[in-house]
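Taking it in order: structure first as structure tokens, then the write-up.
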Amino acid sequence: MPLLVMYSHVFSCGGPLRSGRRAALLLPLATVACAGFSREVQPQSSRVAVTAATIDTKQLEQLIDSAMASGMVAEHIPGAAFVLVRDGRIVLAKGYGFADREASRRVEPDSTVWPFASITKVITATAVVQLADRGKLDLDANVNRYLRALQVPATYAQPVTTAQLLTHTAGFDELRGRLTESASDIRPLAEFLRGKLIRIRPPGTMTSYSSFGMALAGVVVEDVSGVSYDEYLRRNIFMPLGMRSARIMSHAGTQAGLAAGYEYGDSAVRRVPYEWYHSTPSSSFASTATDMARFMIAQLEGGAFNGKRIVSQRAMRDMQTQHATMHALIPGWGFGWQIRDSNGQRVLEHGGDIGGFSSLVTLLPDARTGFLIVGHREGANLRFDVKQAVLDRYFPDIRTLVMPKPDSSKAARLAGFAGTYRANVYCHSCPDSLQRTQDFVVTANADGTLGAFDTRWIEVAPLFFRDSTAKRRFGLAADSTGRITALTVGSWQVLERIR
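This note's numbering applies: residue 651 is where the sequence shown begins, and numbers increase by one.
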């Protein structure tokens, strides 16, 4: 099985490898000699100095107007919203198009309620970190210590910790059946999860995006606090931050003010019903764009907004620190947050997709800046295009990456990396006919490169590859014998080797 790197500082040839406060299991790459590899060239500071004056509100609005107009037309998106925060305040909040076409209701950033789907996981992680900050639980202790309504089975000798729920390293299978047809069918959290916590690997050995793990984190919130998950969030996060529209979509009536959902197919935009989930701590948070901005500001300002503190600065730093990754040069997971290195910036991010809707929240903690894009159509690229437009305008990539030439002498060694890799977020214990999987073939080429994802890749550091543009990269993970067992593009994008 692969060994999981768990620490805050990344490895580079010739530099130190420093572990964080959680015990580190280091990949073999940490002991591989650096000779023969082109060192990753990283400037002393790849961050652009951004001051409040740099982001002019009118120019930002023009940029977003243009990106939204072209993207919404191209993807047939009826409505969307954008908000950017900086230095503890909202710089721009704007709605585009219709929240409900049939009712001619336009998108308003401070009144249109959007379902944020998997972004809920960041809300849940914040609640758990808050309980730990208040001395109610130890993130590194066996999670069973805090569970009253159900227990994690002792499938492996190593217990699952609460921290592993928040970093997607608990090792649970991703079963089907989280979706339900109506709010009246939603079951209590513990009741829904009972019998569904199937452990398929020892904890701490692989990152694997886990809606079941984060749903269990919601049960921890309930069992430790003594109130329901929904009520805990209302009292301890939503109310203190003034998020008046925020709610968990867990029962009939919670859809008040919600935008209608829309998809596009057969050359037409069609309205779709709202999706309800049993796994509410993973999937069911909703709010206006401006209320979400309040939460973003609290994350960027050390746990406080408008004089109200929800967690300590120390706890917020811990939440935003990388605690798990499959390769030391590939960003991984904080507590709930995906860690990224977009345009050379340290970025905290999470996306959300649900029938009829998609969203993306992006934070740049070092610049005290964050922005949110939300709109119609599950899986839409609009959010990513708008994100890149903002980054390219205000945080351009100034890194210099020197790519080596392919080395045919590596061909024999790289042949051991060839095989079939499968995206690891699927139901492993389901019958084959019910498995929804995506497989990718990696080949070894005679010139010492790997072939994958329709391009060629050059190894530029131990088990770390870039394409010819140097803009795309992936890492490989190995077990204690050196056998390659997984491929990672970052955070939730992990492929397990199946042959």
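No residue lacks a Cβ here, since even glycine has one placed at the ideal position from N, Cα and C.
The region 796-804 in contact with the region 854-863 per 3-pair CB rule at 8 Å | no
*asked:* When you compare the CB positions of valine 763 and alanine 936, do they come within less than 7 Å of one another, or not?
replied: yes
Does arginine 1149 pass the burial test, meaning 16 or more other C-beta atoms within 10 Å, or should it be called exposed?
exposed
Check your understanding: With a Cβ-Cβ cutoff of 7 Å, do valine 922 and glycine 1005 count as a contact?
Key -> yes
*Under the three-state DSSP convention, the category glutamate 999 falls into*: strand
Worksheet item: Within the 7 Å Cβ cut-off, does alanine 1094 reach chain B?
Response: Absent from the structure is chain B; it holds one protein chain and no more.
(message) In the DSSP assignment, the alpha helix (DSSP H) including glutamate 841 goes from what residue to what residue?
(response) 839-843
### CB-CB length for glycine 745 against glutamate 758, believed under 8 Å
5 Å
Exercise for the section: Check the DSSP bridge columns for isoleucine 848 and list the partner residues they point to. Expected result: For isoleucine 848, which the question treats as bridged, DSSP gives no partner whatsoever.
Practice prompt. Determine the direct distance from the alpha carbon of glutamate 951 to that of isoleucine 740, and round the result to whole angstroms.
Written response: 13 Å
message = For the structure I just gave you, are there three or more beta carbon pairs, one from the region 1057-1071 and one from the region 1084-1091, closer than 8 Å?
response = yes
| query | Curious, which full-length beta strand (DSSP E) runs of at least 3 residues does the region 713-780 contain? | reply | 729-736, 739-750 and 763-765
Is the CB-CB distance between isoleucine 989 and glutamine 963 below 7 Å? no
#### Entry: Residues near leucine 710 by beta carbon distance below 7 Å, same chain, minus five either side
Leu734, Val741 and Leu742
Enumerate, from N- to C-terminal direction, the unbroken alpha helix (DSSP H) stretches of 4 or more residues contained entirely within the region 1056-1107. 1061-1064
Euclidean distance between Cα positions of phenylalanine 945 and phenylalanine 1124: 32 Å
Grab me the residues of serine 1058's own chain with a C-beta within less than 6 Å of its C-beta, minus the 5 sequence neighbours each way, in chain order.
Asp1097 and Gly1098
By Cβ distance below 6 Å, which residues in the same chain neighbour phenylalanine 985 in space, the five residues on each side in sequence not counted? Ala775, Val779, Leu816 and Met969
Review point. Whose C-alpha, out of Val810, Thr1119, Gly845 and Ala909, is nearest the C-alpha of arginine 1049?
Key: Thr1119
**Message:** I need the DSSP call for glutamine 988, collapsed to helix, strand or coil.
**Reply:** strand
Margin query: Closest to threonine 904 by C-alpha separation, out of Ser875, Pro765, Ala731 and Arg996, would be which residue?
Written below: Pro765
* Under 7 Å between the Cβ atoms of serine 998 and tryptophan 987? -> For the sequence presented, residue 998 should be read as leucine rather than serine. The answer is yes: Cβ separation under 7 Å.
> How is the alpha helix (DSSP H) around arginine 1043 delimited, first residue to last?
Replying inline: 1032-1044
What residue does the beta strand (DSSP E) around glycine 1025 start on, and which one ends it?
-> 1019-1026
message: Quick check: what's the CA-CA separation for glutamate 881 versus valine 874?
response: 13 Å
- Query: How long is the line joining the alpha carbons of valine 1139 and glutamate 1146, rounded to whole angstroms?
  - Reply: 12 Å
Of all the options Asn1095, Val1040 and Lys1055, which has the alpha carbon lying nearest to the alpha carbon of alanine 1065? Asn1095
For the region 1012-1031 and the region 780-789, state whether three or more C-beta atom pairs, one from each stretch, are separated by less than 8 Å.
no
Quiz item: So arginine 1133 is in the beta strand (DSSP E); what residue range does that whole segment cover?
Solution: Note, arginine 1133: premise wrong, no beta strand (DSSP E); not H, not E.
Measuring CA to CA, which of Met1053, Ile947, Leu1113 and Ser929 is closest to alanine 865? Ser929
What are the boundary residues of the beta strand (DSSP E) that includes phenylalanine 1115?
1114-1117
*Thinking just about the alpha-carbon of each residue, which of Cys1080, Phe1114 and Trp983 is nearest to the one in alanine 819?*
A small correction: the amino acid at residue 819 is threonine; alanine does not occupy that position in the sequence shown. Measuring from the Cα of threonine 819, the nearest candidate turns out to be Trp983.
*So what does alanine 954 bridge to, in DSSP terms?*
Arg959
Sheet register partners of alanine 1127 (DSSP bridge):
Ala1136
Handout entry: C-beta atoms of serine 878 and threonine 770 nearer than 7 Å
Key = no
(message) Just list the residues that DSSP pairs valine 1011 with in beta bridges.
(response) His1000 and Leu1022
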